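Number of protein chains: 2
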Amino acid sequence: MDTLICPKFEKAMDLINKRWVGMIVYQLLSGPQRFCTIEGSIGISGRVLSERLKELEQEGIIKRDVFPETPVRIEYSLTEKGMDLEPILKQIEIWSQHWMK
Amino acid sequence: MDTLICPKFEKAMDLINKRWVGMIVYQLLSGPQRFCTIEGSIGISGRVLSERLKELEQEGIIKRDVFPETPVRIEYSLTEKGMDLEPILKQIEIWSQHWMK
């Protein structure tokens, strides 16, 4: 690993660093989910979750699908870019199992 | 990957989530370093770096060695727990190379 800190790495760190981002992506690894399901499973406030989902959509990490049913159904899922975060989260999981008490 | 969010995973995320933690660990992967070297390479303020190093020492991720020379030499390095973060950072590096513009 290079000692020079690459701006791309720094940008990625900033993105993943953001509170709740890892948890939201982790949660969506199991498939598309509705707002209230994500909200319930990670104990985040609705306001903050809504903010994060918008940011992650802008970053191209998640997408928002609207199904024209009655009532309308909205689901969030990972894009390819978002799915590619899985190895990172997997490594965090391995590390936490080994080192966290 | 399980859909249930494990408290250990959450704790690990909180730790890695903290601004600058990833960068400091990344920087120390190349070996023990002095305060001013870390400070210079990641463009962090001395005050914040000092705080983070203390926290990381308390978490058992880095250690601080004092060499009784004149002037005294102090070096920071990764513990085994800290070295084990390398696969996470490596995956972040791979992801950022592929997806960050």
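Heads up: the protein sequence lines correspond to chains A and B, in order.
Using the working numbering, you'd call the opening residue of the first sequence number 1 and step up by one each time.
Using the working numbering, you'd call the opening residue of the second sequence number 1001 and step up by one each time.
Note that beta-carbon positions come from the ideal geometry of N, C-alpha and C, so glycine has one too.
Given the structure is predicted, the values throughout are model-derived calculations rather than measurements.
Taking only beta-carbon positions, decide if residue i is within less than 8 angstroms of chain B.
| i | result |
| --- | --- |
| A:F35 | no |
| A:K11 | yes |
| A:R19 | yes |
| A:I38 | no |
| A:F16 | A small correction: the amino acid at residue 16 of chain A is Ile; Phe does not occupy that position in the sequence shown. Chain B contact via Cβ: present. |
| A:G22 | yes |
| A:K54 | no |
| A:L78 | no |
| A:K8 | yes |
Can you give the Cα-Cα distance for residue i and residue j, rounded to whole angstroms?
| i | j | result |
| --- | --- | --- |
| B:F1067 | B:G1031 | 16 angstroms |
| A:E10 | B:L1015 | 17 angstroms |
| A:V72 | A:I24 | 22 angstroms |
| A:S77 | B:L1049 | 37 angstroms |
| A:Q27 | A:Q97 | 18 angstroms |
| A:W99 | B:E1059 | 10 angstroms |
| A:E39 | B:Q1033 | 42 angstroms |
| B:E1086 | B:M1013 | 15 angstroms |
| B:G1022 | A:E69 | 44 angstroms |
| A:K109 | B:L1056 | With chain A running from 1 to 101 in the structure shown, residue 109 of chain A is simply not present. |
| B:C1036 | B:K1018 | 21 angstroms |
| A:E75 | A:K54 | 13 angstroms |
| A:P7 | A:L29 | 27 angstroms |
| B:S1041 | A:I42 | 35 angstroms |
Hey, is residue i's beta-carbon within less than 8 angstroms of any beta-carbon in chain A?
| i | result |
| --- | --- |
| B:M1001 | In this prediction, B:M1001 has a pLDDT of 40, which is less than 50 and means its spatial position is unreliable; nothing more can be read from the coordinates. |
| B:I1074 | no |
Starting from the beta carbon of residue i, find every residue of chain B whose beta carbon is closer than 8 angstroms, and list them in chain order.
| i | result |
| --- | --- |
| A:K81 | W1099 |
| A:I129 | Limits of chain A in this structure are 1 at one end and 101 at the other, which puts residue 129 of chain A out of reach. |
Assuming residue i and residue j make a contact with CB atoms under 8 angstroms, what is their CB distance in whole Å?
| i | j | result |
| --- | --- | --- |
| A:I61 | A:G46 | With 8 angstroms as the limit, A:I61 and A:G46 do not qualify as a contact, their Cβ atoms being about 20 angstroms apart. |
| B:Q1091 | A:I94 | The pair is not a contact, with the Cβ atoms about 11 angstroms apart (cut-off 8 angstroms). |
| A:W20 | A:R52 | 5 angstroms |
Along chain A, in chain order, which residues have C-beta atoms closer than 7 angstroms to that of residue i?
| i | result |
| --- | --- |
| B:L1085 | W95 |
May I ask whether a heavy atom of the ligand MG can be found less than 7 angstroms away from the beta carbon of residue i?
| i | result |
| --- | --- |
| A:K81 | Summarising the ligand content, the structure contains no ligands, and the ligand MG is consequently not present. |
Entirely within the segment 13-78 of chain A and at least 3 residues each: give me those beta strand (DSSP E) ranges in chain order. 62-67 and 73-78
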